[in-house]
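J.: Under our numbering, the letters of the sequence shown match residues 7 to 334, in that order.
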Amino acid sequence: MSHGAAVHRDTPTGVAAPEKKSAKLWGAILAGGEGVRLRSLARRVCGDERPKQYVPLLADRTLLRQTLDRVGLAIPASRTGVVTVRSHAAYLRADGLGADGPRLLAQPGDRGTAAAILLAAHWVAREDPGATIAIFPSDHFVQGEAAFMAHVERVAAWVDRHPDRLVLLGAPAASPEVEYGWIEVGRRLADQSEGSILEIRRFWEKPSAEEATRCLAAGCLWNTFVLVGRAAALVDAGRGALPQIEESLAHAAPFLGTDDEDWALDHAYASMPRANFSRAVLEPCPPCLAVSRLTNVTWSDLGNPRRVFEILKRLPRLPSWAAIEEVR
Numbered sequence: 007m008s009h010g011a012a013v014h015r016d017t018p019t020g021v022a023a024p025e026k027k028s029a030k031l032w033g034a035i036l037a038g039g040e041g042v043r044l045r046s047l048a049r050r051v052c053g054d055e056r057p058k059q060y061v062p063l064l065a066d067r068t069l070l071r072q073t074l075d076r077v078g079l080a081i082p083a084s085r086t087g088v089v090t091v092r093s094h095a096a097y098l099r100a101d102g103l104g105a106d107g108p109r110l111l112a113q114p115g116d117r118g119t120a121a122a123i124l125l126a127a128h129w130v131a132r133e134d135p136g137a138t139i140a141i142f143p144s145d146h147f148v149q150g151e152a153a154f155m156a157h158v159e160r161v162a163a164w165v166d167r168h169p170d171r172l173v174l175l176g177a178p179a180a181s182p183e184v185e186y187g188w189i190e191v192g193r194r195l196a197d198q199s200e201g202s203i204l205e206i207r208r209f210w211e212k213p214s215a216e217e218a219t220r221c222l223a224a225g226c227l228w229n230t231f232v233l234v235g236r237a238a239a240l241v242d243a244g245r246g247a248l249p250q251i252e253e254s255l256a257h258a259a260p261f262l263g264t265d266d267e268d269w270a271l272d273h274a275y276a277s278m279p280r281a282n283f284s285r286a287v288l289e290p291c292p293p294c295l296a297v298s299r300l301t302n303v304t305w306s307d308l309g310n311p312r313r314v315f316e317i318l319k320r321l322p323r324l325p326s327w328a329a330i331e332e333v334r
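#1: Taking only the alpha-carbon atoms, compute the straight-line gap between L79 and W327 and give it to the nearest angstrom.
#2: Look at the Cβ atom of Y60, then the Cβ atom of L47, and state whether they are nearer than 9 angstroms.
#3: Measuring only the C-alpha atoms, how far is L172 from E190?
#4: Buried or exposed: D145, going by 16 or more other Cβ atoms within 10 Å of its Cβ?
#5: Please confirm whether A126 and G87 have their CB atoms less than 9 angstroms apart.
#6: How would you write the range of the beta strand (DSSP E) that A304 sits in, first residue to last?
#7: Classify E344 as helix, strand or coil using the three-state DSSP reduction.
#8: Okay, do the segment 214-229 and the segment 177-196 touch, 3+ Cβ pairs below 8 angstroms being the bar?
#9: Since I believe H128 is in contact with V262 (beta carbons under 8 angstroms), could you give me their beta-carbon distance rounded to a whole number of angstroms?
#10: Give the DSSP-derived three-state secondary structure of L63 in the structure shown.
#11: Taking only beta-carbon atoms, is W327 less than 9 angstroms away from chain C?
#12: In chain order, what residues of the same chain have a beta carbon less than 6 angstroms from the beta carbon of R194, not counting five sequence neighbours either side?
#13: Within 10 angstroms of the Cβ of E25, are there 16 or more other Cβ atoms? Answer buried if so, exposed if not.
#14: Around the Cβ of A218, are there at least 16 other Cβ atoms within 10 angstroms (buried) or fewer (exposed)?
So this is what it looks like as structure tokens:
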């Protein structure tokens with residue numbers, strides 16, 4: 007069994023796609039990172055050092071396009087945003103993202119995951135007050151995509167009845183992985199039909215090998231960083247943990263979708279500090295947080311070349327670049 011994936015028996019070929027898309031659920035895909043640890047692999051595949059989300063690592067589609075297609079099983083493009091940075095514009099165009107696709111939220115620069123997530127929350131709160139938003143990183147491997155998105159929908163339905171809650175998706179751990187965040191779970195808040203939602207006792211962010219072994223034995227979950235909650239609840243969480251970032255974005259929010267959007271974001275980001283959402287918002291473990299245990303899904307974070315090659319070994323068909331390498 008590979009170190010970087012939680013493996014279950016069901017496969018995507020045995021799961022039907024959702025019959026209809028959720029009426030109130032919005033999605034935001036995080037695509038503003040630079041993917042430094044996969045630059046050498048990006049160069050092998052594309053001939054340049056582009057960020058990994060714009061690289062067709064696992065298929066003949068980029069990781070971003072795979073994420074968009076996966077999210078599209080439950081959330082229409084009209085309610086999906088891609089949070090990126092302006093310097094990635096050429097890669098986005100090459101991936102077919104333009105005026106007719108998902109909403110592009112182009113930051114002037116990368117200020118970390120906190121700014122990206124809170125910008126998406128402000129966008130959704132402005133477009134549809136009271137809506138629920140699901141946050142998706144763009145560098146994940148998911149096998150059992152329909153089951154994964156159906157799980158997100160079940161969690162969103164629970165959030166609709168518990169609007170003060172923010173719910174992470176946690177993957178059952180398969181090995182003592184030291185590069186993942188781990189979640190120590192508490193009492194059950196919802197039954198299996200609603201996604202087995204649990205309290206969170208503690209986060210272990212990239213633990214030592216000894217700590218990871220203890221986390222595995224204790225039944226802790228891997229933190230997928232997929233997060234579901236009311237947009238307003240995310241804004242509130244940001245206001246409490248990162249008031250400077252939240253205040254800057256609050257001033258810019260009224261200009262989103264107008265001709266002055268770029269100007270407003272330039273002003274907001276000019277003095278904005280860089281902040282990591284996990285460390286600033288999640289790790290203090292506020293009482294609004296919960297976790298839902300994933301089932302019938304194989305998940306991996308493609309954070310380094312080792313994990314990419316582990317996943318490639320298990321795919322039924324190699325992407326073009328890997329097939330050529332294998333022939334050589």
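The beta carbon of each residue, even a glycine, is placed where N, CA and C say it ideally should be.
T.: According to the data block:
#1: Going by the C-alpha atoms only, they are around 27 angstroms apart.
#2: No, the Cβ-Cβ distance between Y60 and L47 is not below 9 angstroms.
#3: Straight-line Cα distance between these residues: approximately 16 angstroms.
#4: When all chains shown are included, D145 counts as buried.
#5: A contact, by the Cβ cut-off of 9 angstroms.
#6: One point to set straight first is that residue 304 is Thr, not Ala, in the sequence displayed. Here the beta strand (DSSP E) through T304 covers 304-307.
#7: This structure leaves residue 344 out entirely; the chain is present only between 7 and 334.
#8: By the Cβ test, the segment 214-229 is in contact with the segment 177-196, since at least three Cβ pairs between them sit closer than 8 angstroms.
#9: The residue asked about is misnamed: residue 262 is Leu in this sequence, not Val. The Cβ separation is near 7 angstroms, so the contact holds.
#10: Here L63 sits in coil by DSSP.
#11: Chain labels in this structure do not include chain C; a single protein chain is all it has.
#12: Within its own chain, the residues whose Cβ lies closer than 6 angstroms to the Cβ of R194, once the five positions on either side in sequence are excluded, are L204, listed in chain order.
#13: At E25, the pLDDT of 46 sits below 50, so the modelled position is not reliable and the matter cannot be decided from this model.
#14: Label assigned to A218: buried.
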